[in-house]
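A.B. asks: Dropping the structure in here first, questions after.
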Amino acid sequence: MSCELSETATPEDFARPRWVAQPDVRERARRLSQKFEEAYGRAPVGVWAAPGRANLMGEYVDFSGGMCLPFAHQYVTLTAAAPREDGVLNAQSMQDADESVADDRPQSTRISAVAPGAVPGWFGYVAGVAWGMNRVAHGESAHPVAVSELELAADFGADLMVDSTVPIGAGLASSAALECSVALALFSLNTGRDHPDDPQRRALARACIAAENHIVGANTGGLDQTASLRSHAGEILALDCRDFDVARLPADPALAGLTWLAVDTRAPHKLADGQYSSRRAECEAAAAVLGLPTLRDALPEHPTPDDAAAVLARFDRLLESGADLTEDREKTRLRLRHSMTEMLRSVQIAHEMRSDAPNWSRVGRLLVEGHESMRDDCQVTVPELDIAVDECLRAGALGAKVVGGGFGGSVIALVPLESVAGLAAAVQSCFARNGFREPLFLTLQPSEAGRRVL
Ligand code: GLA
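Set out below in structure tokens:
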């Protein structure tokens, strides 16, 4: 169903859209500090915050070395922390024990006992970071340069209390925000330094990725953690996932009377259920057929649509001449097509954003193409996402697309400021008529990366 016919709408379908309040980070930090004191009987040394992310293009290509265009938004996860000297990590969460967030009981482990499979639930994201920091400190393979400042001594420990303003399960990277706020807290406790430089932030992101990949067991690609730790207020990141180098794109849609709006569809969203991993496996299988380390290697430095088409033709020829393929042929070809066109769209949007006067209509069209590719080739959307995009476009958005891993979560739309209220009302009533859960609306501002806030 879609929203083209409205005869069946009832008055309650048009109830006021629900907006997620802007976070008052300092107030939340003060409250968290008090809760910490009540729980642990002493004041925290400080409170650190790390944001979630949006992503304008480059979905499901980070693990293939593609370019992503994320920004950190203003919703953060906070970690209050104080050091211990017994090698123990304690953590408590102020989040309610609702939905997928598991439970809010105190969690505890010796850092030396953290290992794949040993720490279940949300505490895996926390304890995994300590494990990841030691791994990166010793130069694990994906981050070959050892960064000794990340090493936690055998007696290093910490008491932590966390709270979050990032909507959970909304595709806005609440997991990365948790990991990254813990990483900044542990780094500061360990080194006494509150302002890690970019190489240290890159290494901390690596530690968070290791936590997610190995301790939590989600085979994600590093987009979220990099955005959370290395973004800049008012800017988009051009993140080159070949080496995790970042360039800064200062394009500001507000100058053209536009804003970024997220619609959290509240459709159930879960990455750890094997769908994400199977997409990644199919992309890796396509690279293997092409005889390349990653799919990014299939394209030249400055790719064109012809280059993307040529890669697909080569893939077909290789299969016809008997190349081995470990995954389903049809699905692998679709993932390859998604990866190639998505990498191209990232380059095209980045190019637009480097210009003095970005063509926002073109950016909007590319966002829509990105969504269609996520729907038809990557196959990670659900009806709520597709209908939200259609309705955003009908209500005046220049473009809209699913953000992040899909299977629920949010759509990000580029919207003229004067259309925001009407668009939210239209999407709200459209969801009601389709019998979907009530969506939530957020305006997203490109915001600063993780930092100490108290
Ligand atoms: C999730 C993962 C990221 C990335 C996106 C899709 O957010 O954590 O690494 O792959 O999905 O772009």
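With this note's numbering applied, the sequence shown has no gaps in its numbers, which climb one by one up to 1615 at the end. No residue lacks a Cβ here, since even glycine has one placed at the ideal position from N, Cα and C.
1. For Leu1578, which residues of its own chain have a beta-carbon under 6 Å away from its beta-carbon, when the five flanking residues on both sides are left out?
2. Within its chain, find whatever has a CB closer than 8 Å to the CB of Ala1433; leave out the 5 residues flanking it on each side and keep chain order.
3. Label Trp1180 either buried or exposed according to how many other C-beta atoms from any shown protein chain fall within 10 Å of its C-beta, with 16 as the threshold for buried.
4. Alpha carbon to alpha carbon, what distance is there between Asp1468 and Ala1459?
5. Shorter than 8 Å, the distance from the beta carbon of Val1327 to the closest heavy atom of ligand 1, or not?
6. In chain order, which alpha helix (DSSP H) runs of at least 4 residues are fully inside the segment 1456-1481?
7. Within its chain, find whatever has a CB closer than 8 Å to the CB of Ser1342; leave out the 5 residues flanking it on each side and keep chain order.
8. Which class does His1512 belong to by DSSP, given the choice of helix, strand or coil?
9. Hey, would you say the C-beta of Val1222 is under 8 Å away from at least one heavy atom of ligand 1?
10. Does the segment 1579-1588 touch the segment 1437-1450, meaning 3 or more C-beta pairs lie closer than 8 Å?
11. Quick check on Val1541: does DSSP put it in helix, strand or coil?
12. Going by DSSP, which residues form a beta bridge with Asp1425?
13. Taking 9 Å as the cut-off, decide whether the C-beta atoms of Tyr1221 and Arg1440 are in contact.
14. Residues in its own chain within less than 7 Å of Phe1284 by CB, not counting five upstream and five downstream?
15. What residue range is occupied by the uninterrupted alpha helix (DSSP H) comprising Val1186?
16. Ignore the nearest five residues each way along the sequence and tell me which others in Val1508's own chain have a CB closer than 8 Å to its CB.
17. Counting along the chain, where does the beta strand (DSSP E) carrying Tyr1437 start and finish?
18. Does DSSP put Trp1283 in a helix, in a strand, or in coil?
19. Measuring only the C-alpha atoms, how far is Arg1526 from Pro1184?
20. Starting from the Cα of Asp1413, find the closest Cα among Trp1292, Glu1301, Glu1513, Ala1388 and give me that residue.
C.D. replies: Answer, in terms of the structure:
1. Sequence-distant Cβ neighbours of Leu1578 in its own chain, meaning closer than 6 Å and more than five residues away, are Gly1418, Thr1420.
2. Bear in mind that the predicted position of Ala1433 carries a pLDDT of just 47, short of 50, making it too unreliable to give a figure here.
3. Label assigned to Trp1180: exposed.
4. Ala1459 and Asp1468 have their C-alpha atoms some 9 Å from each other.
5. The answer is no for Val1327.
6. You should have 1466-1481.
7. Around Ser1342: Trp1209, Ala1210, Ala1211, Val1237, Thr1238, Leu1239, Thr1240, Val1323, Gly1611.
8. Helix.
9. Yes.
10. Taking 8 Å as the limit for Cβ pairs, the verdict is that the segment 1579-1588 does not touch the segment 1437-1450.
11. Note: Val1541 maps to coil in three-state DSSP.
12. Under DSSP, Asp1425 forms a beta bridge with Ser1571, Leu1601.
13. In this structure, Arg1440 lies closer than 9 Å to Tyr1221 by Cβ.
14. If you ignore the 5 residues before and after Phe1284, its C-beta comes within less than 7 Å of the C-beta of Ala1252, Gln1268, all in its own chain and listed in chain order.
15. Taken as a continuous stretch (DSSP letters only), the alpha helix (DSSP H) holding Val1186 covers 1186-1201.
16. Closer than 8 Å at Cβ, skipping near neighbours: Met1228, His1463, Pro1464.
17. That residue, Tyr1437, is in no beta strand (DSSP E); its alpha helix (DSSP H) goes 1436-1451.
18. Trp1283: coil per DSSP, three-state reduction.
19. Cα-Cα distance, rounded: 31 Å.
20. Checking every option, the nearest Cα to that of Asp1413 belongs to Glu1513.
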